Every structure is written in structure tokens, then in C-alpha cells.
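Novice: So the sequence shown is numbered by the working numbering: it starts at 171 and just counts up by one.
For every residue, glycine included, the Cβ atom is placed at its ideal position computed from N, Cα and C.
Owing to the predicted nature of the structure, the values given are computational and were not obtained by experimental measurement.
Just dropping this structure here.
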Amino acid sequence: MNDPLIPSDLLKKSDKILFIAHLALGDYTYLQNCFQAFARAYPHLKLHLWVDEVRRTSDASQWPHLKKNVLYDWLDACDFIDKVYKQNYSPELFEASIGEAREEHYPIVVSLGTLRPHFYANLARRISPDGFVVGLKKPMRLSGLPHYFTYRKLDAALDPDVADRSAAPHISDVHAEWFRLLANVDIPPRERIPFVHIPERYVDGAKARLHEWGFDKRCGKLVFINPFAKTRKRCWPVERVAELITTMRAQPEWRDACFIVNAVPQEVERVKTLLAERQLDRTELFSANENFFQLPAMLAQCDLIVSVETAVMHLANAVGVPVVALMRQKTPEWAPVDKANSTVITAHQRRDWVKAIPVQDVMHALA
Numbered sequence: 171m172n173d174p175l176i177p178s179d180l181l182k183k184s185d186k187i188l189f190i191a192h193l194a195l196g197d198y199t200y201l202q203n204c205f206q207a208f209a210r211a212y213p214h215l216k217l218h219l220w221v222d223e224v225r226r227t228s229d230a231s232q233w234p235h236l237k238k239n240v241l242y243d244w245l246d247a248c249d250f251i252d253k254v255y256k257q258n259y260s261p262e263l264f265e266a267s268i269g270e271a272r273e274e275h276y277p278i279v280v281s282l283g284t285l286r287p288h289f290y291a292n293l294a295r296r297i298s299p300d301g302f303v304v305g306l307k308k309p310m311r312l313s314g315l316p317h318y319f320t321y322r323k324l325d326a327a328l329d330p331d332v333a334d335r336s337a338a339p340h341i342s343d344v345h346a347e348w349f350r351l352l353a354n355v356d357i358p359p360r361e362r363i364p365f366v367h368i369p370e371r372y373v374d375g376a377k378a379r380l381h382e383w384g385f386d387k388r389c390g391k392l393v394f395i396n397p398f399a400k401t402r403k404r405c406w407p408v409e410r411v412a413e414l415i416t417t418m419r420a421q422p423e424w425r426d427a428c429f430i431v432n433a434v435p436q437e438v439e440r441v442k443t444l445l446a447e448r449q450l451d452r453t454e455l456f457s458a459n460e461n462f463f464q465l466p467a468m469l470a471q472c473d474l475i476v477s478v479e480t481a482v483m484h485l486a487n488a489v490g491v492p493v494v495a496l497m498r499q500k501t502p503e504w505a506p507v508d509k510a511n512s513t514v515i516t517a518h519q520r521r522d523w524v525k526a527i528p529v530q531d532v533m534h535a536l537a
């Protein structure tokens with residue numbers, strides 16, 4: 171076994187470690203396994219996590235939205251992360267959080283920031299002036315020379331693309347390799363499948379919602395469809411969702427199916443109007459607008475999930491429900507990792523957005 175980037179004696183004698191990362195739900199869905207494996211390998215180390223907000227702004231009107239990041243609900247329920255820095259969505263709060271973190275005197279800080287890694291290398295050193303600091307750094311090219319002195323602040327550097335690219339690695343393979351190199355933490359493939367522990371009250375809430383809709387006594391299967399992602403490139407038209415439901419109902423296997431259409435809060439009214447216009451029976455609108463766990467709790471009740479490339483398709487793996495994922499060709503490393511429970515449909519052309527995927531492709535996958 172090779173020596174880890176973080177010296178073994180430092181790992182043994184330290185009492186805590188800080189990881190820095192900018193995290194969306196999908197990122198954490200896979201990194202959670204790595205943090206858990208690290209915590210098991212080094213149970214004496216308190217694991218702290220800095221969740222950086224890449225949309226940080228001085229615009230106060232944006233703060234309520236940024237403050238209510240559903241990822242924090244998940245992190246707050248995590249029993250192997252002892253502290254989370256999440257108040258950094260404004261420049262003032264960012265500086266205050268740095269001051270708070272400096273008071274911890276972290277002996278080890280690891281930056282996993284893939285966007286602007288030089289920025290996070292500098293942040294890690296600001297937080298821990300005298301500690302051991304590791305950060306991501308791609309092999310130096312001419313374009314990276316302006317950041318040369320920033321990267322010199324690192325005690326050790328990790329190539330973000332360290333996994334064997336010839337083998338077309340999944341993002342979970344990349345993350346696992348990071349932690350192997352950082353601290354000799356071994357994460358075998360079977361331990362890279364996402365997981366989520368859903369508090370019982372949210373399971374009960376999902377079942378109560380199904381009862382309200384009359385879906386608890388259904389004769390057919392329960393299908394969850396999510397057409398929304400953060401960017402338009404990854405969204406599927408809501409009109410296509412209605413077409414899919416109608417087409418599925420024409421097949422004997424899906425004739426008695428009940429459908430749940432997921433919508434982000436800002437799209438709820440538009441989706442509600444369209445569903446009413448199409449007069450789709452046994453079809454209900456869903457939005458997890460109170461807590462993150464509302465989403466996986468509802469997903470776990472379903473028999474099939476159809477989703478664009480966003481956290482929903484990864485959470486489908488976490489709750490063990492078969493998923494049909496609609497994806498672009500450009501991001502194969504982000505396909506759902508549980509191949510036994512996942513069917514991936516990609517747009518035909520590399521330049522195509524997800525909206526280019528026709529209903530017929532989905533029906534073919536369901537056949």
C-alpha cells in the first residue's frame with residue numbers, strides 16, 4: 171500500500187479534519203459514501219464539512235432561496251459529519267465563516283472544489299494557516315501559470331481526473347480514487363451505491379399523501395416522472411410528460427398505472443394547468459417544498475421512476491427503485507451507478523439537449 175497524500179502519522183494524531191466542497195444534491199449523493207468510509211476508517215477524527223455556495227451574492231433578495239438549500243436537510247441528519255459550514259451565501263457571511271473555521275485550528279484541510287480549484291486552494295490555506303492543506307490541481311499548463319503561486323500554498327495536490335479515463339470511469343470511481351490517494355480509504359464498487367436514511371415521519375407523510383390521492387389502493391403500478399433540472403439543457407418538456415402518460419396508458423401493462431409528476435416550486439402552477447387541460451386521470455402533482463426527505467420518501471413508494479439527469483435519478487438508486495434516466499451524451503460519468511436497476515436513454519446527437527429525446531425512446535426502454 172502506497173503512502174497516502176495526508177501523512178499517516180498526522181491522520182493518527184489529529185482530532186478533526188475539514189473537507190471543503192461545492193455540493194449539489196447529486197454531488198453529495200456519491201460523496202456521502204466516501205465521507206462515511208473515511209469516518210469508519212478514522213473514527214477518532216471529527217469530520218467537518220464546508221459547503222461552499224458558488225452563487226454567493228450581495229443581492230439580499232437572493233438570500234432566502236440560497237439559505238434554504240435542501241441539501242442542508244440531508245446533512246443535518248447525517249451522523250458521521252460533526253459540523254457543517256453552510257452560512258456563506260453572502261460575502262459577509264463567507265468572511266464570518268472563515269473566521270469561525272480559523273478558530274478551530276484544523277490540523278488537516280482538504281479541498282474537493284473542482285470549479286476554480288485555485289480559489290479553494292487559497293480558501294483552504296486561509297482557514298488553516300499552519301495546518302496540512304490538500305487541494306485539487308490539474309497538471310500545470312500555460313493557462314494555469316497565473317495560479318502557480320496559489321497552488322504553492324498546498325502541502326499536497328490531487329489530480330481531479332486521477333481515475334483511469336480509458337476505462338470511462340463513473341463519478342463514484344473518481345471520488346473513490348480521491349479518497350484512496352488521500353488517506354488509503356478503500357471503497358469497493360458495492361459500497362459506492364448511493365444510500366439515504368429516511369426519517370420515519372417522512373415515510374408516513376408520503377403514505378398519507380398517497381392515501382389522499384387514492385393511490386394507496388391502486389390496481390396498477392405507481393410511476394414517478396421528473397422532467398425538471400437546474401438547467402434547460404437537462405429538462406424535458408412537460409408536454410412530453412403528458413404524452414408519455416397517455417402513451418403508457420395505451421399499453422396493457424400500464425393501463426391501470428397511477429402517475430406522480432414532480433415539479434420544482436417555480437413550475438408548479440404551469441404543470442398544474444397543463445395536467446388539468448389534458449384531463450389526465452390518476453395523475454397528481456408533487457413538489458418537495460418543505461424538506462428534502464419528502465422527495466426520497468415519495469420515490470421509495472414508487473414502482474418506476476422516469477427522470478432527467480438530476481439528483482432524482484441518483485436518489486432512485488438510493489431507494490432501490492428502477493429508474494429510466496434521460497440524459498445528454500456529454501455526461502456519461504454521471505449516469506446512475508446501479509446498472510441493475512437503471513436504464514439510460516441518451517439523446518441521439520452529442521449536441522442535443524435532453525428535450526430531443528422522444529416519447530417513443532422511453533416506450534422502447536419500457537418494452
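Where does the unbroken alpha helix (DSSP H) through Leu-201 begin, and where does it stop?
Specialist: 195-211
Novice: Quick one, are the C-beta atoms of Val-514 and Cys-405 less than 8 angstroms apart?
Specialist: Contact flag unset, no.
Novice: What first and last residue would you give for the alpha helix (DSSP H) that runs through His-235?
Specialist: 233-237
Novice: Between Arg-350 and the rest of its own chain, which residues show a CB-CB distance below 7 angstroms, the 5 nearest in sequence each way excluded?
Specialist: Asp-356
Novice: Can you tell me whether DSSP reads Thr-443 as helix, strand or coil?
Specialist: helix
Novice: Please report how far the alpha carbon of Ile-278 lies from the alpha carbon of Leu-285, in whole angstroms.
Specialist: 21 angstroms
Novice: In the DSSP assignment, the beta strand (DSSP E) including Glu-454 goes from what residue to what residue?
Specialist: 453-456
Novice: For Leu-195, verify whether its CB is less than 7 angstroms away from any heavy atom of the ligand SAM.
Specialist: Questions concerning the ligand SAM fall outside what the structure shown contains, since it holds no ligand whatsoever.
Novice: Would you mind giving the Cβ-Cβ distance between Gln-499 and Ala-510, rounded to the nearest angstrom? I have them listed as a contact below 8 angstroms.
Specialist: The pair is not a contact, with the Cβ atoms about 23 angstroms apart (cut-off 8 angstroms).
Novice: Whose CA, out of Asp-343, Leu-414, Thr-199, lies closest to the CA of Pro-364?
Specialist: Thr-199
Novice: Taking its Cβ as the centre, do 16 or more other Cβ atoms sit within 10 Å of Ile-190, making it buried, or is it exposed?
Specialist: buried
Novice: Within 10 angstroms of its Cβ, does Leu-312 collect 16 or more other Cβ (buried), or is it exposed?
Specialist: Any reading at Leu-312 is ruled out, since the residue's pLDDT is 49, under 50, leaving its predicted position unreliable.
Novice: Who does Ser-281 pair with in a DSSP beta bridge?
Specialist: Ile-190
Novice: Please report the straight-line C-alpha distance between Asp-473 and Phe-429, rounded to a whole angstrom.
Specialist: 10 angstroms
Novice: Check whether the region 445-453 and the region 408-416 are in contact - that is, three or more C-beta pairs closer than 8 angstroms.
Specialist: Yes, the region 445-453 touches the region 408-416.
Novice: Considering only the beta carbon of each residue, do Val-304 and Asp-325 sit closer than 8 angstroms?
Specialist: Taking 8 angstroms as the Cβ cut-off, Val-304 and Asp-325 qualify as a contacting pair.
Novice: Around the C-beta of Ser-228, are 16 or more other C-beta atoms found within 10 angstroms, so that it is buried, or is it exposed?
Specialist: By the neighbour-count rule (16 or more Cβ atoms within 10 Å), Ser-228 is not buried but exposed.
Novice: Excluding sequence positions up to five away, which residues of its chain have a Cβ less than 6 angstroms from the Cβ of Tyr-255?
Specialist: Trp-220, Ser-267
Novice: Which of the three DSSP states, helix, strand or coil, is assigned to Ala-505?
Specialist: coil
Novice: Taking the alpha helix (DSSP H) that Ser-267 belongs to, which residues open and close that run?
Specialist: Run containing Ser-267: 261-272, per the alpha helix (DSSP H) assignment.
Novice: Looking only at its chain, what residues have a beta carbon closer than 7 angstroms to the beta carbon of Pro-435, apart from the 5 residues adjacent to it on each side?
Specialist: Ser-457, Asn-459
Novice: Would you kindly work out how many angstroms separate the C-alpha atoms of Leu-293 and Leu-217, rounded to a whole number?
Specialist: 18 angstroms
Novice: So what does DSSP say about Gly-305, is it helix, strand or coil?
Specialist: strand
Novice: Please say whether Phe-289 and Phe-250 have beta carbons closer to each other than 8 angstroms?
Specialist: no
Novice: Measure the beta-carbon distance from Pro-466 to Val-489 and round it to whole angstroms, keeping in mind my assumption that it falls under 8 angstroms.
Specialist: 5 angstroms
Novice: Quick check: the Cα distance between Asn-354 and Ala-291, rounded to an integer number of angstroms?
Specialist: Just so you know, the alpha carbons of Asn-354 and Ala-291 end up roughly 22 angstroms apart.
Novice: Pull up the distance between the alpha-carbon of Arg-322 and that of Ile-187, whole angstroms please.
Specialist: 21 angstroms
Novice: What residues are listed by DSSP as bridge partners for Tyr-255?
Specialist: Beta-bridge partners of Tyr-255 (DSSP): Trp-220.
Novice: Could you give the first and the last residue of the continuous beta strand (DSSP E) run that contains Asn-432?
Specialist: 428-432
Novice: Whose C-beta lies closer than 7 angstroms to the C-beta of Thr-417 among residues of the same chain, with five residues either side of it excluded?
Specialist: So the qualifying residues of the chain are Val-529, Met-533.
Novice: Using alpha carbons as the reference points, say which of Val-408, Trp-424, Phe-398 lies closest to Leu-392.
Specialist: Among Val-408, Trp-424, Phe-398, the Cα nearest to that of Leu-392 belongs to Trp-424.
Novice: For Ser-342, count the other beta carbons within 10 Å of its own beta carbon; 16 or more makes it buried, fewer makes it exposed. Which is it?
Specialist: buried
Novice: Let's see if you can read the secondary structure: which residues bound the beta strand (DSSP E) around Leu-328?
Specialist: 326-328 is the span of the beta strand (DSSP E), which, as asked, contains Leu-328.
Novice: Label Lys-307 either buried or exposed according to how many other C-beta atoms from any shown protein chain fall within 10 Å of its C-beta, with 16 as the threshold for buried.
Specialist: buried
Novice: For Phe-319, is the classification buried or exposed, using 16 other Cβ atoms within 10 angstroms of its Cβ as the cut-off for buried?
Specialist: exposed
Novice: Per DSSP, what are the beta-bridge partners of Asn-396 in this structure?
Specialist: Ser-477
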